[in-house]
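>
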Amino acid sequence: MSSAATTAPSVDKVDGFSRKSVRKAKQKRSQSSSQFRSQGKPIELTPLPLLKDVPASEQPELFLKKLQQCCTVFDFMDTLSDLKMKEYKRSTLNELVDYVTVSRGYLTEQAYPEVVKMVSHNIFRTLPPSDSNEFDPEEDEPTLEASWPHLQLVYEFFIRFLESQEFQPSIAKKYIDQKFVLQLLELFDSEDPRERDYLKTVLHRIYGKFLGLRAFIRKQINNIFLRFVYETEHFNGVAELLEILGSIINGFALPLKAEHKQFLVKVLIPLHTVRSLSLFHAQLAYCIVQFLEKDPTLTEPVIRGLLKFWPKTCSQKEVMFLGELEEILDVIEPTQFVKIQEPLFKQISRCVSSPHFQVAERALYYWNNEYIMSLIEENSSVILPIMFASLYRISKEHWNPAIVALVYNVLKAFMEMNSTLFDELTATYKSDRQREKKKEKEREELWKKLEDLELKRGLRSDGIIPT
Amino acid sequence: LRGGEVSKMAGADGDDSLYPIAVLIDELRNEDVQLRLNSIKKLSTIALALGVERTRTELLPFLTDTIYDEDEVLLALAEQLGNFTMLVGGPEYVHCLLPPLESLATVEETVVRDKAVESLRKISQEHSPVDLEVHFEPLVKRLASGDWFTSRTSACGLFSVCYPRVSSTVKAEIRQHFRTLCSDDTPMVRRAAASKLGEFAKVLELEYVKSDIISLFTALASDEQDSVRLLAVEACVSIATLLPQEDLETLVMPTLRQAAEDKSWRVRYMVADKFSELQKAVGPEITKNDLVPAFQNLLKDCEAEVRAAAANKVKEFCENLPEDNREQIIMTHILPCVKELVSDTNQHVKSALASVIMGLSTILGKDNTIEHLLPLFLAQLKDECPEVRLNIISNLDCVNEVIGIRQLSQSLLPAIVELAEDAKWRVRLAIIEYMPLLAGQLGVEFFDEKLNTLCMAWLIDHVYAIREAATCNLMKLVEKFGAEWAQNTIVPKVLGMANDPNYLHRMTTLFCINALSKACGQEITTKQMLPVVLKMSNDQVANVRFNVAKSLQKIGPILDSNALQTEVKPVLEKLASDTDMDVKYFAQEAISGKSFPITEYPPESRQHFYKIFIDVQDQLVNV
Chain A
1 MSSAATTAPS
11 VDKVDGFSRK
21 SVRKAKQKRS
31 QSSSQFRSQG
41 KPIELTPLPL
51 LKDVPASEQP
61 ELFLKKLQQC
71 CTVFDFMDTL
81 SDLKMKEYKR
91 STLNELVDYV
101 TVSRGYLTEQ
111 AYPEVVKMVS
121 HNIFRTLPPS
131 DSNEFDPEED
141 EPTLEASWPH
151 LQLVYEFFIR
161 FLESQEFQPS
171 IAKKYIDQKF
181 VLQLLELFDS
191 EDPRERDYLK
201 TVLHRIYGKF
211 LGLRAFIRKQ
221 INNIFLRFVY
231 ETEHFNGVAE
241 LLEILGSIIN
251 GFALPLKAEH
261 KQFLVKVLIP
271 LHTVRSLSLF
281 HAQLAYCIVQ
291 FLEKDPTLTE
301 PVIRGLLKFW
311 PKTCSQKEVM
321 FLGELEEILD
331 VIEPTQFVKI
341 QEPLFKQISR
351 CVSSPHFQVA
361 ERALYYWNNE
371 YIMSLIEENS
381 SVILPIMFAS
391 LYRISKEHWN
401 PAIVALVYNV
411 LKAFMEMNST
421 LFDELTATYK
431 SDRQREKKKE
441 KEREELWKKL
451 EDLELKRGLR
461 SDGIIPT
Chain B
1 LRGGEVSKMA
11 GADGDDSLYP
21 IAVLIDELRN
31 EDVQLRLNSI
41 KKLSTIALAL
51 GVERTRTELL
61 PFLTDTIYDE
71 DEVLLALAEQ
81 LGNFTMLVGG
91 PEYVHCLLPP
101 LESLATVEET
111 VVRDKAVESL
121 RKISQEHSPV
131 DLEVHFEPLV
141 KRLASGDWFT
151 SRTSACGLFS
161 VCYPRVSSTV
171 KAEIRQHFRT
181 LCSDDTPMVR
191 RAAASKLGEF
201 AKVLELEYVK
211 SDIISLFTAL
221 ASDEQDSVRL
231 LAVEACVSIA
241 TLLPQEDLET
251 LVMPTLRQAA
261 EDKSWRVRYM
271 VADKFSELQK
281 AVGPEITKND
291 LVPAFQNLLK
301 DCEAEVRAAA
311 ANKVKEFCEN
321 LPEDNREQII
331 MTHILPCVKE
341 LVSDTNQHVK
351 SALASVIMGL
361 STILGKDNTI
371 EHLLPLFLAQ
381 LKDECPEVRL
391 NIISNLDCVN
401 EVIGIRQLSQ
411 SLLPAIVELA
421 EDAKWRVRLA
431 IIEYMPLLAG
441 QLGVEFFDEK
451 LNTLCMAWLI
461 DHVYAIREAA
471 TCNLMKLVEK
481 FGAEWAQNTI
491 VPKVLGMAND
501 PNYLHRMTTL
511 FCINALSKAC
521 GQEITTKQML
531 PVVLKMSNDQ
541 VANVRFNVAK
551 SLQKIGPILD
561 SNALQTEVKP
571 VLEKLASDTD
581 MDVKYFAQEA
591 ISGKSFPITE
601 YPPESRQHFY
611 KIFIDVQDQL
621 VNV
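Here the protein sequences come in this chain order: A and B.
Mind the numbering: the first sequence is residues 1 to 467 in the UniProt record's numbering, read in order.
Mind the numbering: the second sequence is residues 1 to 623 in the UniProt record's numbering, read in order.
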């Protein structure tokens, strides 16, 4: 490896662009090279006849041989080495894909360990370090997997194998075990979106076919998420895992187990706090809504959770939260709505008066939603007093005319809903503000008194507080 | 306890002391997080006002039962409680603080939990041995067997603080709990346990280190998750330090060897990163036999991250090799790897190496340095990446001591010139910062001949930060080479810029004068600089004029009173009636001396200047 490293730089000094690409390439090479350290010399595979060219009775035997050959892994960063053999493996993998799709009777019991071995040899590897520490999946181009020409076919083959009619989970479970799944889950951190997409399908099939692994898979996903939220904030496959979970949640039996509820409250809700929320928010919101459709009594803890983690400074995230909240309100039961309307509308009132017009606009769009409007109307006596002060103030003060116009509509809607209360609030608006100011003053007074008291106490029993 | 009630009571019987709790409770219910946060931060005030008994019987139960809040508030609370011992009545009552901290140690948010653990560790020291067993240790046990991973994670940090001070039965229990957590189901808990393994080993009796810790260490070091394995490497350092030399080979080395060749680059990175500590912990013999080849492998690792971490350790590793055959090991085993790293494809690797490679010269001595290291230095001085060149230049002092800098100066100069003209201003800034160091080593002659023009050119750089650094650089040069040198070489050039058509350059003259006047002394300041400054008060650009006012204020303390009276004062008075508002403002500031930059001078001279300043002020005011 290192001898290759010393000869390279004379080439990269040409210009800045090639240098960067070479650097990237170098890192990718390194990734595969940990597997190749022992192999200095070229790889030789003895070409085997095509499966269709041998009698059916010999096919299972030949199938195994081909699987064994495909365990050989090539260094794709070295674009010049082993070209023939790389091509040979590619065509063999292609043949294997076709073979498991159409053939019958090929899946002997001996084939299972060989298939799993071949797949493991090819896909399980330590992922390379990310190109930069500050890798931003939204901005930066993902590093693509160099060995993809083979890797894709291996994934393709594995999926066909899992989906094959002859596939028997009862035999396969000896080989596709917890350790296998754990390594599979680690691969979800791959930067290559193509690989993550295949992994998603693979994991979904495994979850579907191996009942014994289900709880384990869920628990490991839990751990990945918790680590992501509380330890590293870095994991590339969160969206894909959530997508799988979306369909898993869909299949939960009622009543929901405590384990599932805990997952919702202790894992999915905290996922909202992560900086890169935008990368998986759609999938996350889908999971949350799935839960609420299963069990509406979870509405209150979910909304309280969202309110607890409401973004303080990031407006884009606030818009996402508002979007998710609307999805929740779309399916909320009126009895649940009543339970959380007060804290909920206190937050919405703050959003409506946000100086960031996209946040204010997103919140005000709620009033275009017929179902939400009907809920507000039913509870206008509670909601109107919460909202009134902000709306009234924005109608006079907000810098953005579009927001002011929207607020006028909302005020008008409230006026039509409950004109008596509306008039009352308008009349008392000023005195309410004055009362607030007075309260503020009293609070300050109290603190002052407290400080005096501290002084007095401190003097009386000096030395109590260590300085 | 309700806020309203309490304040009513307080009003009725005129007992002032009830106010605090009333305030707190009202504030803790406030909608505004900031206000809740404020009240938590004032918790000690409240406790002090309440007195120790009521703090114990009312405040703490209230906090324990009713706190469900934003993590930020909880964090403040967790921190406060760590300093509460005196406020609850001293060590005798410190265990009252355990219930609220226990529940804080179980929350989800890591920072809150960590802070709660920190506070618990702190107050554990204030428990008597009896209280530790009666109150503290049961809490640790409860946390260690909690349902959710958070409490078990927190428990990991508490074993080591109570272990040394409890009875042997309880000790056995603690060891058992730690063992359990090391094989916990959740990787989060195993990580927490692994990260505390070294700390825990230190408080254990040696027999238990051998019997318990080693097996835990081996297990964690071969965990299925690399995030756990890499933490075991850290523990390896502490464990190896504790064991007698003869046990290291059998108990620690197999695991360490395995870690150095782990399939995950993160683990190998950790080994590289901790290499010096590991080297010290295992001693010279094992270093020779095992660590040298391991280090070679890390320097040749396939991942750049690992190579960079190892490259960073080259100097330290070589320094700590056993002296008897240090040179031989370096020359035959380490240097060949280092040579390869000089032309590594990854710039972080080269740059890491460049930051330490010069240190090898002191270890290898003059002849080896000239023969083997010098070509490497020169190659790195010509590296395409500016950071590599900078790192070499910034460490020149090491080579200077061994072979003198002259050997390098031929290559040094083009490298410096190229960096000085780099398109990235941060690179230019970095090289400016090394100028005083270079000047000191190259000597005044070489400097005047080759580098002086560069230093002057930076003064008219188009980036302000560079011009600013350039003025500061001049000041340091004058401090090094003396006032006479300044007068002959740089002062004329600086003052010449006062006539530049670009007002930014004219201002640079002023900034230079601000920086240089002190180092140049009264004579040069009064005779050469002051006239230029005064003349600039007629500049047509207001920015220049108000900077004149600022400059006069700055150099005032250096001038004699005569110059102040007859020359400075009239000009400032003229500027004080300028048409521009800012000019007026700064002129008046200078006259009244309000913003005299006392803090800009080192403490010992402060008094002196302050006195002068008062004199100056009196003179200005009294005339």
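Positions of the beta carbon are idealized from the N, C-alpha and C atoms, including for glycine.
1) Anything in chain B within Cβ reach of A:T126, meaning under 7 Å, just list it in chain order.
2) Along the alpha helix (DSSP H) that carries A:K86, what are the first and last residues, could you check?
3) Out of B:A379, B:G404, B:S351, B:D422, which one is the CA nearest neighbour of B:V388?
4) Against chain A, does B:M188 count as a neighbour if the rule is that its beta carbon must be under 8 Å from one of theirs?
5) Does the distance from the C-beta atom of B:I239 to that of B:A201 stay below 8 Å?
6) Can you tell me whether B:M331 is helix, strand or coil according to DSSP?
7) Give me the residue from B:E126, B:V548, B:A486 with the minimum Cα distance to B:K518.
8) Report buried or exposed for A:A215, applying the criterion of at least 16 other Cβ atoms within 10 angstroms of its Cβ.
9) Put B:C337 into one of helix, strand or coil per three-state DSSP.
10) Can you tell me whether B:A415 is buried or exposed? The criterion is at least 16 other CB atoms within 10 Å of its CB, across all chains shown.
11) Between the C-alpha atoms of B:V444 and B:F481, what's the straight-line distance to the nearest angstrom?
12) Looking at B:V203 and B:P164, is the spacing between their C-beta atoms short of 8 Å?
13) With a cut-off of 8 Å, does the C-beta of B:A49 fall near any C-beta of chain E?
14) Which of helix, strand or coil does DSSP assign to A:H234?
15) If you compare alpha carbons, which of B:D69, B:L564, B:I460 is closest to A:L307?
16) Measuring only the C-alpha atoms, how far is B:P100 from B:S551?
17) Taking only three categories from DSSP, how would you classify B:V203?
18) Skipping 5 residues on each side, what residues in its chain have a beta carbon closer than 6 Å to that of A:L187?
19) Could you tell me whether any Cβ in chain B is nearer than 8 Å to the Cβ of A:N236?
20) What does A:L284 touch in chain B if you count any residue whose Cβ is under 8 Å from its own?
21) Which whole runs of the alpha helix (DSSP H) in the UniProt repeat "HEAT" (412-450) of chain B are 4 residues long or more, in chain order?
22) Whose Cβ in chain A lies nearer than 7 Å to the Cβ of B:T566?
23) Taking just the CA atoms, how far does A:H281 sit from B:G11?
24) Against chain B, does A:L226 count as a neighbour if the rule is that its beta carbon must be under 8 Å from one of theirs?
25) Any contact between the segment 434-446 of chain A and the segment 401-408 of chain A? By contact I mean 3 or more CB pairs, one from each, below 8 Å.
26) Given 8 Å as the limit, is there contact between the segment 221-231 of chain A and the segment 163-182 of chain A, that is, 3 or more CB pairs closer than that?
27) Listed in chain order, which residues of the segment 309-341 of chain B have Cβ atoms closer than 7 Å to some Cβ of chain A?
28) In this structure, does DSSP put A:E240 in helix, strand or coil?
29) Just the Cα atoms here: how many angstroms apart are A:D197 and A:R275?
30) Short of 7 Å Cβ to Cβ, which residues in the segment 191-223 of chain A face chain B?
31) What whole-angstrom Cβ distance do B:V342 and B:L360 have, given they're in contact under 8 Å?
32) What whole-angstrom Cβ distance do A:V238 and A:F228 have, given they're in contact under 8 Å?
33) Assuming B:A311 and B:V267 are in contact, meaning their beta carbons sit under 8 Å apart, how far apart are those beta carbons, in whole angstroms?
34) Using a Cβ-Cβ cutoff of 9 Å, what residues of the segment 358-387 of chain A are near chain B? List them in chain order.
35) Does DSSP put B:R190 in a helix, a strand or coil?
36) Using the Cβ count rule (16 or more neighbours within 10 Å means buried), how would you classify B:L530?
Well, looking at it:
1) Position 126 of the first sequence, counted from the first residue, corresponds to residue 126 of chain A. Chain B residues near A:T126: K263, S264, W265.
2) Here residue 86 of chain A corresponds to residue number 86 of the first sequence, with the count starting at 1. First-last of the alpha helix (DSSP H) with A:K86: 83-102.
3) For the purposes of this step, residue 388 of chain B is taken as residue 388 along the second sequence, with counting starting at 1. Of the listed residues, the one whose Cα sits closest to B:V388 is B:S351.
4) The count along the second sequence starts at 1 and reaches residue 188 of chain B at position 188. By this cut-off, B:M188 is an interface position.
5) By one-based count along the second sequence, residue 239 of chain B stands at place 239. By one-based count along the second sequence, residue 201 of chain B stands at place 201. Result yes, Cβ atoms of B:I239 and B:A201 sit closer than 8 Å.
6) In the second sequence, the residue the question calls residue 331 of chain B occupies position 331. In the structure shown, B:M331 sits in a helix (DSSP, three-state: H, G or I).
7) Counting from one through the second sequence, the residue named residue 518 of chain B turns up at place 518. The shortest Cα separation from B:K518 among B:E126, B:V548, B:A486 belongs to B:A486.
8) Locating residue 215 of chain A in the first sequence gives position 215, counting from the first residue. That one is exposed.
9) Here residue 337 of chain B is taken as the residue at index 337 of the second sequence, counted from 1. B:C337: helix per DSSP, three-state reduction.
10) Residue 415 of chain B sits at position 415 when you count from the first residue of the second sequence. Buried, since its Cβ has 16 or more Cβ neighbours within 10 Å.
11) For the purposes of this step, residue 444 of chain B is identified with residue 444 of the second sequence, where counting begins at 1. For the purposes of this step, residue 481 of chain B is identified with residue 481 of the second sequence, where counting begins at 1. If you take the alpha carbons of B:V444 and B:F481, they lie about 7 Å apart.
12) Counting from one through the second sequence, the residue named residue 164 of chain B turns up at place 164. Counting from one through the second sequence, the residue named residue 203 of chain B turns up at place 203. Yes, the Cβ-Cβ distance between B:P164 and B:V203 is below 8 Å.
13) The structure shown has no chain E; the protein chains it does contain are A and B.
14) As a first step, residue 234 of chain A is located in the first sequence; it is residue number 234 there, counting from the start. Correct three-state label for A:H234: coil.
15) Numbered from 1 along the first sequence, position 307 holds the residue referred to as residue 307 of chain A. The shortest Cα separation from A:L307 among B:D69, B:L564, B:I460 belongs to B:D69.
16) Here residue 100 of chain B refers to the residue found at position 100 when the second sequence is read from its first residue. Here residue 551 of chain B refers to the residue found at position 551 when the second sequence is read from its first residue. About 58 Å.
17) Stepping through the second sequence from its first residue, residue 203 of chain B is reached at position 203. Note: B:V203 maps to helix in three-state DSSP.
18) Numbered from its first residue, the first sequence carries residue 187 of chain A at position 187. Contacts found: L199.
19) Locating residue 236 of chain A in the first sequence gives position 236, where the first residue counts as 1. Cβ-Cβ to chain B under 8 Å: no for A:N236.
20) Taking the first residue of the first sequence as 1, we reach residue 284 of chain A at position 284. Here the premise fails: no neighbours, minimum Cβ distance about 17 Å.
21) 425-446
22) Numbered from its first residue, the second sequence carries residue 566 of chain B at position 566. By Cβ distance, chain A contributes nothing, its closest Cβ being about 52 Å from B:T566, past 7 Å.
23) Counting from one through the second sequence, the residue named residue 11 of chain B turns up at place 11. Counting from one through the first sequence, the residue named residue 281 of chain A turns up at place 281. Because the pLDDT of B:G11 is 43, which lies under 50, any placement of that residue in the model is unreliable, and the question is left without a value.
24) Translated into the one-based positions of the first sequence, residue 226 of chain A becomes position 226. Answer yes: the Cβ-Cβ gap between A:L226 and chain B drops below 8 Å somewhere.
25) no
26) no
27) E340
28) Position 240 of the first sequence, counted from the start, is the residue given in the question as residue 240 of chain A. A:E240: helix per DSSP, three-state reduction.
29) For this step, residue 197 of chain A is matched to residue 197 along the first sequence. For this step, residue 275 of chain A is matched to residue 275 along the first sequence. So the alpha carbons of these two residues sit roughly 23 Å apart.
30) N223
31) The sequence position of residue 342 of chain B within the second sequence is 342, counting from 1. The sequence position of residue 360 of chain B within the second sequence is 360, counting from 1. With 8 Å as the limit, B:V342 and B:L360 do not qualify as a contact, their Cβ atoms being about 12 Å apart.
32) The residue you call residue 238 of chain A lines up with position 238 of the first sequence. The residue you call residue 228 of chain A lines up with position 228 of the first sequence. Sure, about 6 Å apart at Cβ, within 8 Å.
33) If you number the second sequence from 1, residue 311 of chain B lands on position 311. If you number the second sequence from 1, residue 267 of chain B lands on position 267. The Cβ separation is near 18 Å, so there is no contact.
34) none
35) For the purposes of this step, residue 190 of chain B is taken as residue 190 along the second sequence, with counting starting at 1. Helix.
36) Position 530 of the second sequence, counting from 1, holds the residue named residue 530 of chain B. By the 10 Å Cβ count, B:L530 comes out buried.
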